[in-house]
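**Q** Numbering (the working numbering), first residue to last: 35 to 100. Glycine included, every Cβ here is placed at the ideal spot set by N, Cα and C.
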C-alpha cells in the first residue's frame, strides 16, 4: 500500500513515500508518514480505495505533525 502514497514537496514535485521517509529520518518501507500519521489509518485506506493513490502535501503534514 505504501507504493500508492506519494508526497508533494514544497516546490510542487511529487516523490514516493519511501524517498520521503529517507529524507525525513523515518524508516523507509515502514508505515510511518510523519510523527503522528501512519499509512494504515482508515482515511488513507479509504482514499486509496476510492482514488487509487494518495498525495500528501509536505507543508500540511509538517503543520499537523507540529
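1. Would you mind sorting residue 92 into buried or exposed? The rule is 16 or more other CB atoms within 10 Å of its CB.
2. Compute the beta-carbon to beta-carbon distance between residue 88 and residue 39, rounded to the nearest angstrom, for a pair I have assumed lies under 8 angstroms.
3. Rounded to the nearest angstrom, what separates residue 71 and residue 79 at their Cα positions?
4. The beta strand (DSSP E) spanning residue 82 covers which residue range?
5. What residues in its chain sit with their C-beta under 6 angstroms from that of residue 37, if we drop five residues either side in the sequence?
**A** From the atom records:
1. As a position in the chain shown, residue 92 is number 58, starting the count at 1. The residue in question, residue 92, is buried, as its Cβ has 16 or more Cβ neighbours within 10 Å.
2. The residue labelled residue 88 in the question sits at position 54 within the chain shown. The residue labelled residue 39 in the question sits at position 5 within the chain shown. At roughly 5 angstroms, the Cβ-Cβ gap stays under 8 angstroms, so residue 88 and residue 39 are in contact.
3. For the purposes of this step, residue 71 is identified with residue 37 of the chain shown, where counting begins at 1. For the purposes of this step, residue 79 is identified with residue 45 of the chain shown, where counting begins at 1. Each residue's Cα considered, the two are about 13 angstroms apart.
4. Here the question's residue 82 lines up with position 48 in the chain shown. From DSSP, residue 82 is part of no beta strand (DSSP E) but of the alpha helix (DSSP H) over 76-85.
5. Here the question's residue 37 lines up with position 3 in the chain shown. Within the same chain, residue 37 has no close Cβ partners at all.
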